[in-house]
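Asker: Quick one: structure below, then a few questions.
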Amino acid sequence: MNKRFRAFEPAAVMLVPPSLDEWLPQNHLSRFIADIVETQLDLKKFYASYAKSKGQPPYDPRLMVRVLLYGYCVGVRSSRELERVCVDVVAFRWLAAQQAPDFRSIARFRKRHLSSLGNVFLQALELCRAAGMVSLGQVALDGTKVRANASRRKAMSYARLTEKQKVLADEVSALLAEADAIDDAEDARFGKDKRGDELPPELARRESRLVKLAEARAGLEAAAAARARKDAEKKARDKGDDDDTVAQKGDDAAKNAVVAPKAQRNFTDPDSRIMKTADGSFHYAYNAQAIVDADHQIIVATTLTNIGVDVEQVVPLVEKLHATTGVLPRQVLADAGYCSATNLDYAKTVEDGSDGRTEFFIATGRVKHGERVPEVPRGRIPANATLRERMARKLKTKKGRAVYARRKAIVEPVFGQIHTRQGKFVLLRGLEQAAHEWDLIAACHNLMKLHTMQTKALLAAPSALTARTAT
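Per UniProt numbering, numbering through the sequence shown is continuous, rising by one, with the last residue being 471.
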């Protein structure tokens, strides 16, 4: 055979370079993450939690933050998977300085510093603002369903839960009676000083399940009471009742609240809720909200809730953006899912308070029967027009159409990028922990945008220098 092949010597002593640094390109994302952690991020909160000097020395927080940030950027988030890639993947091994922390250490570090890791979002946002990537000229608000780490098989409806409680209670009573009879017989046979009073394993398992069922039932009843109280108080305030009457009606509604028989509670993550996802299916999920800046698709404010609808998130998110950045954007775009009387009233208050520097463009959905919204608005707005009619009229103007047409192109690609690169799900259970993890995901999205911009600037710099030299 005359064909020549490249040299292949598996037993060669120096098959790999002496330094892993030679394996990574200079503009690699892992180098960017390492530089950010080393020179830009404030890690004082991480170090402040290590007060005791006893025991084995822990891994350096810089190492763990480097590995976690890069893992969340490229979609490797499981602690066991992170342990594996710290051995198998060059970029992770370089970030960990070949120390390869085990998955228990990674999981404990993430759990211990979850709040500080979520705070990286604010630091990443400031880095993007310093790089000129955020102008807050035009922002778009939207939400997406994020899969929870909850098993669909570990859930039970209120009706079945109540039925199962009764069955288990009867079984536990029967087993306790049997255990008492056995104890009496053994006491008569061996004497009362002998052991043998431990619960049978089957009884212990049933009792623990009974406790979980009781907790789940109590949670469903508490949630139903809270919803009934909130609705009753809102109706009372709308009628003009005084504070005492409002409180009394709320208490009465909560006391008489009835749980829907099909209401479910999940045992693996009780805070998650069944939500309809983009593909039309239903899963246990959380509702992630984000305000995205139009310039470079940077997430400037975000939150994660277990409320399936979006309408309640306009005021909290805009206020959060204002508190974080100190300014309000010039244009806020939102789809019809955010249209409500409360939000339109808030939008008008903000617009009036900013002397027109901030404008809201909230889609109103289909025009309802009796609403006066011309297809091509001309002339003055009727003095008695409602806020909904005014907003619908503004969106039908030439400016309104042009501005609102940008909404989809600003915010929806961000969720698509997160879904593709990082995975649109959370590993941690419970609303508080899931919210911190979502902040970390959003921070990594912003860091990758910053890395992309800096890489493009570096690639463009030699060509610009060549052009100046030729001139």
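Glycine residues also receive a C-beta, built at the ideal position from the N, C-alpha and C atoms. In this text the structure is predicted, and so the values were computed from the model without any measurement.
With a 10 Å radius around its C-beta and 16 neighbouring C-beta atoms as the bar for buried, classify valine 309 as buried or exposed.
Answerer: Exposed.
Asker: Roughly how many angstroms separate the alpha carbons of glutamate 351 and methionine 391, rounded to a whole number?
Answerer: Near 12 Å, if we compare the C-alpha coordinates of methionine 391 and glutamate 351.
Asker: Quick check on histidine 28: does DSSP put it in helix, strand or coil?
Answerer: DSSP places histidine 28 in coil when its eight states are reduced to three.
Asker: Cα-Cα, which of Val411, Asn306 and Cys86 is closest to aspartate 295?
Answerer: Ranking the options by Cα distance to aspartate 295, first place goes to Val411.
Asker: Measuring CA to CA, which of Asn149, Ala402 and Thr39 is closest to threonine 268?
Answerer: Nearest of Asn149, Ala402 and Thr39 to threonine 268, Cα basis: Asn149.
Asker: Expressed to the nearest angstrom, what Euclidean distance is found between the alpha-carbon atoms of glutamate 198 and alanine 254?
Answerer: Model confidence at glutamate 198 stands at a pLDDT of 49, short of 50, so the residue's coordinates are unreliable and nothing is read from them.
Asker: Terminal residues of the continuous beta strand (DSSP E) containing phenylalanine 282?
Answerer: Looking at the DSSP string, the run of the beta strand (DSSP E) that includes phenylalanine 282 is 282-293.
Asker: If you draw a straight line from the alpha carbon of histidine 451 to that of aspartate 251, how long is it in whole angstroms?
Answerer: If I take the Cα positions, the gap works out to 54 Å.
Asker: Name the residue from Pro316, Glu38, Leu41 and Ile33 whose alpha carbon lies nearest to the alpha carbon of tyrosine 72.
Answerer: Ranking Pro316, Glu38, Leu41 and Ile33 by Cα distance to tyrosine 72 puts Ile33 first.
Asker: Please confirm whether leucine 333 and arginine 406 have their CB atoms less than 8 Å apart.
Answerer: In contact: leucine 333 and arginine 406 (Cβ atoms closer than 8 Å).
Asker: Count the C-beta pairs between the segment 431-445 and the segment 83-93 that are closer than 8 Å, then say yes if the count reaches three, no if not.
Answerer: The segment 431-445 is not in contact with the segment 83-93.
Asker: What residues in its chain sit with their C-beta under 7 Å from that of threonine 144, if we drop five residues either side in the sequence?
Answerer: Ala288, Phe415 and Lys424.
Asker: Relative to the C-alpha of tyrosine 404, which residue among His436, Ile307 and Phe360 is closest?
Answerer: Answer by Cα proximity: Phe360.
Asker: I'd like the span of the alpha helix (DSSP H) that includes leucine 117, first residue to last.
Answerer: Residues 114-130.
Asker: When you compare the CB positions of proline 101 and methionine 133, do they come within less than 8 Å of one another, or not?
Answerer: Going by C-beta atoms, proline 101 is not nearer than 8 Å to methionine 133.
Asker: Going by C-alpha distance, which of Arg429, Val292 and Asp345 is nearest proline 413?
Answerer: With distances taken between Cα atoms, proline 413 lies closest to Val292.
Asker: For threonine 364, count neighbouring C-beta atoms within 10 Å of its own C-beta (all shown protein chains included) and say buried if the count is 16 or more, exposed if not.
Answerer: The residue is buried, with at least 16 neighbouring Cβ atoms inside 10 Å.
Asker: With DSSP as the reference, label glycine 75 as helix, strand or coil.
Answerer: Glycine 75 falls in the coil class under three-state DSSP.
Asker: What would DSSP say about glutamine 56, mapped onto helix, strand or coil?
Answerer: Coil, per DSSP.
Asker: Keeping to the same chain, check which residues put their C-beta closer than 8 Å to that of alanine 236; ignore five residues upstream and five downstream.
Answerer: Excluding positions up to five away in sequence, the list reads Thr245, Val246, Lys249 and Gly250.
Asker: Which word fits isoleucine 36, buried or exposed, when buried means at least 16 other C-beta atoms lie within 10 angstroms of its C-beta?
Answerer: Its Cβ being crowded by 16 or more others within 10 Å, isoleucine 36 is buried.
Asker: What did DSSP end up calling glycine 337 once you bin it into helix, strand or coil?
Answerer: The answer is helix: DSSP assigns glycine 337 an H, G or I state.
Asker: Quick one: using the 10 Å Cβ neighbour count with 16 as the cut-off for buried, is phenylalanine 121 buried or exposed?
Answerer: Phenylalanine 121 comes out buried.
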